[in-house]
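The structure appears below as structure tokens.
There are 4 protein chains.
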Amino acid sequence: MNHPDVIAGGYADMRAREVVWARYAAIRATTMALAAPLSVEDQCIQPMADASPTKWHLGHTSWFFETVVLQALDAGYGLCDKRFPFLFNSYYEGLGPRQPRPQRGMITRPGLEEVLRYRRWVDDAMEGFIAGCSEPLWQQAVSLIELGLHHEQQHQELILTDIKYALSLNPFDPVYLPASDSAPQESAELRWLVFPGGMATVGHGGDAFAYDNECPRHQVFLQPWQLANRLVSCGEYLAFMADGGYRRPEFWLSDGWAAKMANNWECPLYWRQETDGQWSLFTLHGRRPVAMTEPVCHLSFYEAAAYAEWAGARLPTEFEWEAAMANVAVEGHFLDTAMLHPMPATVGEGLRQAYGDAWNWTRSSYDPYPGFKPLPGVIGEYNGKFMVGQLVLRGGSCASPSDHLRPTYRNFFPPGARWQFSGIRLARDL
Amino acid sequence: MNHPDVIAGGYADMRAREVVWARYAAIRATTMALAAPLSVEDQCIQPMADASPTKWHLGHTSWFFETVVLQALDAGYGLCDKRFPFLFNSYYEGLGPRQPRPQRGMITRPGLEEVLRYRRWVDDAMEGFIAGCSEPLWQQAVSLIELGLHHEQQHQELILTDIKYALSLNPFDPVYLPASDSAPQESAELRWLVFPGGMATVGHGGDAFAYDNECPRHQVFLQPWQLANRLVSCGEYLAFMADGGYRRPEFWLSDGWAAKMANNWECPLYWRQETDGQWSLFTLHGRRPVAMTEPVCHLSFYEAAAYAEWAGARLPTEFEWEAAMANVAVEGHFLDTAMLHPMPATVGEGLRQAYGDAWNWTRSSYDPYPGFKPLPGVIGEYNGKFMVGQLVLRGGSCASPSDHLRPTYRNFFPPGARWQFSGIRLARDL
Amino acid sequence: MNHPDVIAGGYADMRAREVVWARYAAIRATTMALAAPLSVEDQCIQPMADASPTKWHLGHTSWFFETVVLQALDAGYGLCDKRFPFLFNSYYEGLGPRQPRPQRGMITRPGLEEVLRYRRWVDDAMEGFIAGCSEPLWQQAVSLIELGLHHEQQHQELILTDIKYALSLNPFDPVYLPASDSAPQESAELRWLVFPGGMATVGHGGDAFAYDNECPRHQVFLQPWQLANRLVSCGEYLAFMADGGYRRPEFWLSDGWAAKMANNWECPLYWRQETDGQWSLFTLHGRRPVAMTEPVCHLSFYEAAAYAEWAGARLPTEFEWEAAMANVAVEGHFLDTAMLHPMPATVGEGLRQAYGDAWNWTRSSYDPYPGFKPLPGVIGEYNGKFMVGQLVLRGGSCASPSDHLRPTYRNFFPPGARWQFSGIRLARDL
Amino acid sequence: MNHPDVIAGGYADMRAREVVWARYAAIRATTMALAAPLSVEDQCIQPMADASPTKWHLGHTSWFFETVVLQALDAGYGLCDKRFPFLFNSYYEGLGPRQPRPQRGMITRPGLEEVLRYRRWVDDAMEGFIAGCSEPLWQQAVSLIELGLHHEQQHQELILTDIKYALSLNPFDPVYLPASDSAPQESAELRWLVFPGGMATVGHGGDAFAYDNECPRHQVFLQPWQLANRLVSCGEYLAFMADGGYRRPEFWLSDGWAAKMANNWECPLYWRQETDGQWSLFTLHGRRPVAMTEPVCHLSFYEAAAYAEWAGARLPTEFEWEAAMANVAVEGHFLDTAMLHPMPATVGEGLRQAYGDAWNWTRSSYDPYPGFKPLPGVIGEYNGKFMVGQLVLRGGSCASPSDHLRPTYRNFFPPGARWQFSGIRLARDL
């Protein structure tokens, strides 16, 4: 799934038409590759309101280009199918009525074949538009295309997390992809790195792409803090469980305990205690025993916060995370490998697993930055309207495309969400 | 979809192996024909807890033969797949744990192809067993096979009603089958037939197949009554609607009014008022205008009872219905035609639409007959355990196989169910 | 709480004004006596949607006389308070909007004192009306007053069952009334009485008062049956529990098992297993150990039916019950004693506990009788509109007034209701 | 309800025993005064899970002193009633099991009289303890007593907001207190005050009382901002409504729009459009017309944010609010007056309504401050465990005691809460 020539970043002009098209083609191809192991039926169902069918993701990402670029800027563009805007609009109130989200799995028609044809229709139109539009139009289009590509990459991650949840409801543990060779099981020791605090500049500032929610770049004042060098491992989490982590409310936020009780949480999502007492977990490569050194993931914020409390630590704020990571290269274990599960931290100095493997829940609510302005027009609905009741996650996961991430990237989910690859990196005061 | 040689009933021995096999082959083929117009995706989804995926019906009906006949009686039989009993058990507590009913639509694997292979596996085994089992085994098996065939026929009707509900959730009114030539729109006048009452014998008595819930045959004492010669038409129902039928609680049972309010019922299921004020309805042949003379259907018992109250009449009891129909031939408009929607009553004397078109809601709760005994073993769960909280329907519908019905046949659904082809035949006291 | 002169039944004219007034005064006084042990706060709260505050019962029963008699027939009557019809209408759609049933406990104003003043206002007006109205008006009024008195008696039972439920939610087992001397614990042996079947006449026929749902009197044909001489005891029910009664779905109706699972039923309502393993139960006289010989009560229909199945028997139909009791005197253990809990069956021949102690769940759905006609006008909503989804109970309970019952009396509740004094009498086929 | 000698703040020693006792007596008396207009029934009911009965507040505040002070430090103290800790523990997991919150209204016994006796019992014990405990104990106790008094003041506000909600469910608009003379209706003009930004120090720092959630005092860096001089008025809010505020999703956060749709919000809580089109509102002084110049209140955060979006502004962050108010005296319209509803802003320069009238929803999620440490022991559950999913409100309301507030005070509620006196102060970027 690599497109190394494009993502290298050494290009003189990332806005050149041929570069944009190459990126477009590569990213769209990656999406198709993610769907390839799935049957027509796999791609149709919706396992819960929050998780969409693969087929819907395939259609929705195409609709985004169709709506934001082609319909807006290409006077000669004709809709592939006049029903599709209704079906594949996700949540844009400014773009009219749409299929109710919990009913996305009821759309058996159009079938997958028709949706794939839709993708090709849009790809063909995009290719023509990119090659042939006037320069003024191009200047308008290029940022929107870039947005569409990052949008598509977000949906690549969702395709994986959503289908994982869907397959997990099958009582027979189906395999999305056969596992590659098993990962090394040695892991870095847990160590604390110290940061001095003071003024820090956070948020996105340059010309490169970023979402509106990362802006504007601004100063914050931080107290000194410590950050763990790696993610919390399954072995460490099992110690929390063995110490009554899921039975002792004193570790939990009030809403967290209520969620735990209401949902009978006794372990991370996808874990199961076998009859011999051992723990197994369901992965995209099937079910297997839990490995002690691998990062724990598929945790809610509530569980992450309870674990941190038990461990005598806390979760980092998003700015502590960002300031600590500011000079760390965006390297790690991403979607671009064939191992679709977090792996143990490699041994070494400094911050391990800075990016990839599992998202880091932060202790920061997803609030707007000072001076935040949504993008103009309907794409202003992209991020801003979700800025309440959610928590920020940082860093990316094994299901994130490698070129999708940056230090300023803000992911966000409600505190009870568990179906993302979400884990824990601890922080503490000095 | 006909198998006239088999259903004619003139056979000397309906229990002869070749007759049973011919019926088996014909009925199983009909099921396959019902699925034929559906895509793989259509067959996978579950639109509500009460309605199952087509694929599940295909598997479940095969599982029934596998479990009740082959596993019970054929020592040499090997399971097609050891996962299938879990997946395709519907509600038999005596047969172990099973896929939760509301999660039947999450089963993308096995895929449709595997389920079809399962059908063939079971068919092959049944063919071998029927041809080759010992005579004592045959004597045990033949009633169970007969039960399995009637069971399959019930699921044929459910395949149609469930897929109709599923397709209706698609905002674009997909067509299950193109409509054949339009039906004649003339209809019989509504007339009242008089029955004198007195002792009547009801329930099933002979050697022919019947479900346990139709037994034992017994005597009841009836007051004189009148019965409408045909089903209530859409035109008549529109008069009820125009007279405030859905706004006037005085016509409704208390639970019915609560259901109406909770679900915002304003018309029969699948009806919609168009912008020009006209009513359309969704059928298996697509959406079209409501015809005045066709029977109204997809009504809950609550709506049927409210209509009857408004009309100054009532619904018949199941025994009034059965006594009236005792000598009426089981003829009508069934699944065996290509018109999968009720049609206007043909002009003529006597009871019209006695069978077929639309099930007749009765005023009888689904209680056990005096002396009722469930079948022995796990098939005892077939009917008896549902005998509370449901109402009896009589007569069959346009989605019932013609050879599945009898005067004593008791269908049953909760009073709020609307997705069956359920309509109204009025009764009144003398 | 006795009014023996009135209930003796030896009066020449039960419709004479002084007799009616005496009954009115006595029944209204009984209601007040039932409220006497309760604090103002006790009388205000509503513990669930189905159970109303005592204060509401006090107001509603007065509203019934005000509305059905005084407003309808007494031209000079002035409303006590124009807000009260809204507050105290229960479910009569024909009488305008009303306080939503689940919100009856939110009415702190009017306070209890005002509601008691309302009772006195209505009583004064009734006294004047009964004494002074013209004879033609009296002829209209007397049946309505009789209906109002039976209505009030029904609410006497509900006052007790509703406050029992409310007090049971208090973690400290409050006592409604101190227990009188303990009852004899010996009980009749379980024996089966045989009935030959054939034509039976059921339903109410004479001039005496009955509800519309008991009419018309009509013939039914019954198969021979057996009926247990007494109610099922707690000791017998404990044997069912010990045999896995609440863990074995094979005994349960499908809806019953679902209700059991959804509500975590493991024993009758108000039972609790103490730390020493013994069972206690909460009564209106406080919490005490379960006595083996006393009748089990506070069961749902589902539990009653499961017990019967386990016991190799069944529940009687309402007509089997009525035919068996036709010549049994309406005697037993009623509200008129100070023991507000079922007592063991006294030793003796024939049917014990025919009336009183605990209602007998029957196997009959609450359907209309042939030729049933609701009462004219708004009181037509009294019974008929509830004739779906409920089961008939017969016989009365320890909370029923003794002069409220008859062989033809049909009580009815949904199959999951447990807060009434509802128990089990077994039947079986011959 | 004043206790001016105590609150003046000019005391040499706020920790002196006689000062503490005087404050204790005054605050406890204020609570009693708030309950005085309510009937026994009013004080018993619980209108929703979030709103507690007055009687429960009376008991719970006493339980707090009993548990945190008397049981912890007074060896000679004997519990008033051993049932009360179970009944009146609110949410302290460390203090054992407790009455479920939604069932607080089911406690009719103990009655109000017993709870009042409990208050006196605790008051007597506190008086003896304060006067007589050893000096080392006093040093431990004084902070806990102070916490208990602020705790009681919080519940004073809740007594008013909870009973307002309860009375609002009565269809006849009961009056809690007769209105005093009507307020002047003139209001200050809306003006924008400019703040330069830069480093600011926020949070509580000195020796005076503050909750743990206000600590530690720390530095933040702020961008320049503007703040409205007063709260948004009803007239301004009506303009939002008239412009489709409740019909146009573009103004709303996504969760806010979902809440609006699910709850059918069309106006602030307690508002009602009369048949003549005019708006009325329910207040603790009864129902009256909406006044254009009074502050709008009983809004959710979602509505506040939607209004701000419509107005081309935003809500302030909690630090913008705190920095702006740092030097503004804590003066305004509080509980200590007889007008229990927000009043129009008085005409004048500078920030109006800085404190009192209506809480200011801020744009800040309720997150922990850097270095936040909960109090030791069970009182550590006081604030910290609620730090997710809630929004900060600042400033106080007409139902807040005047001496309960400070610039650093952080109130917090979920974004959908509307039953507090919560309003809007606008901010915007420079």
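So the protein sequences, as listed, match chains A, B, C and D. So for the first sequence, the numbering used here puts the first residue at 26; every next one is plus one. So for the second sequence, the numbering used here puts the first residue at 26; every next one is plus one. So for the third sequence, the numbering used here puts the first residue at 26; every next one is plus one. So for the fourth sequence, the numbering used here puts the first residue at 26; every next one is plus one. Every residue gets a Cβ at the ideal spot worked out from N, C-alpha and C, and that includes glycine. All values reported here derive from a predicted model rather than from experimental measurement.
Please determine, among the options, the residue with the shortest C-alpha to C-alpha distance to residue i.
| i | options | result |
| --- | --- | --- |
| Gly-173 (chain A) | A:Trp-46, A:Ser-427, A:Thr-79, A:Gly-337 | A:Trp-46 |
| Val-227 (chain B) | B:Leu-83, B:Leu-418, B:Ala-351, B:Pro-426 | B:Ala-351 |
| His-176 (chain B) | B:Ala-348, B:Gly-396, B:Arg-53 | B:Arg-53 |
| Trp-444 (chain D) | D:His-366, D:Ile-404, D:Leu-400 | D:His-366 |
| Asp-198 (chain C) | C:Pro-78, C:Thr-56, C:Gly-311, C:Asp-106 | C:Gly-311 |
| Ser-389 (chain A) | D:Val-413, D:Arg-273, D:Leu-137 | D:Val-413 |
| Trp-277 (chain C) | C:Thr-92, C:Asp-75, C:Pro-440 | C:Pro-440 |
| Ser-425 (chain C) | C:Ser-159, C:Gly-357, C:Gly-375 | C:Gly-357 |
Would you report the Cα separation of residue i and residue j, rounded to the nearest angstrom?
| i | j | result |
| --- | --- | --- |
| Glu-334 (chain B) | Ile-449 (chain B) | 12 Å |
| Gly-84 (chain C) | Met-286 (chain A) | 41 Å |
| Pro-72 (chain A) | Pro-161 (chain B) | 48 Å |
| Phe-246 (chain D) | Gly-222 (chain A) | 13 Å |
| Arg-435 (chain C) | Glu-239 (chain C) | 7 Å |
| Thr-16 (chain C) | Ala-253 (chain D) | Since the first residue of chain C shown is 26 and the last is 455, residue 16 (chain C) is not available in this structure. |
| Gly-231 (chain B) | His-82 (chain A) | 58 Å |
| Leu-120 (chain C) | Ala-235 (chain C) | 23 Å |
| Asp-454 (chain B) | His-243 (chain C) | 14 Å |
| Met-368 (chain C) | Glu-319 (chain C) | 5 Å |
Looking only at its chain, what residues have a beta carbon closer than 7 Å to the beta carbon of residue i, apart from the 5 residues adjacent to it on each side?
| i | result |
| --- | --- |
| Trp-386 (chain C) | Phe-326, Ala-329, Leu-340, Leu-416, Leu-418, Ser-447, Ile-449 |
| Tyr-295 (chain D) | Ser-193, Leu-306, Phe-307, His-323 |
| Thr-342 (chain B) | Thr-387, Arg-388, Ser-389 |
Could you tell me the boundaries of the alpha helix (DSSP H) in which residue i lies?
| i | result |
| --- | --- |
| Asn-288 (chain C) | 279-288 |
| Gly-223 (chain D) | No alpha helix (DSSP H) holds Gly-223 (chain D); the beta strand (DSSP E) holding it covers 223-227. |
| Leu-112 (chain A) | 109-113 |
Take residue i and list the residues in its own chain whose beta-carbon comes closer than 8 Å to its own, dropping the five residues that flank it on each side.
| i | result |
| --- | --- |
| Pro-293 (chain D) | Tyr-262, Leu-306, Val-321, Cys-322, His-323, Leu-324, Glu-328, Arg-443 |
| Leu-95 (chain B) | Tyr-102, Val-147, Ala-150, Met-151, Phe-154 |
| Ser-159 (chain D) | none |
Going by beta-carbon coordinates alone, are residue i and residue j separated by less than 9 Å?
| i | j | result |
| --- | --- | --- |
| Ser-422 (chain A) | Ala-383 (chain A) | yes |
| Glu-182 (chain B) | Leu-360 (chain B) | yes |
| Pro-127 (chain D) | Phe-109 (chain D) | no |
| Ala-188 (chain A) | Met-131 (chain B) | Note on identity: in this sequence residue 188 (chain A) is Ile, with Ala being the wrong assignment. Contact flag unset, no. |
| Phe-113 (chain B) | Ile-170 (chain B) | no |
| Trp-250 (chain C) | Pro-395 (chain B) | yes |
Quick one: what's got a C-beta closer than 6 Å to residue i's C-beta in the same chain, skipping five residues either side?
| i | result |
| --- | --- |
| Tyr-271 (chain A) | Glu-291 |
| Arg-297 (chain D) | Ser-305 |
With residue i as the anchor, note down where its beta strand (DSSP E) starts and where it stops.
| i | result |
| --- | --- |
| Gln-179 (chain C) | First-last for Gln-179 (chain C): 160-193, but that is the alpha helix (DSSP H), not the beta strand (DSSP E). |
Could you check whether the Cβ of residue i sits closer than 8 Å to any heavy atom belonging to the ligand ATP?
| i | result |
| --- | --- |
| Thr-308 (chain D) | The ligand content of the structure shown is nil, which means the ligand ATP is not present either. |
field: Residues in the stretch 136-160 of chain B having any Cβ partner in chain E nearer than 8 Å
entry: Protein chains in the displayed structure are A, B, C and D, and chain E is not among them.
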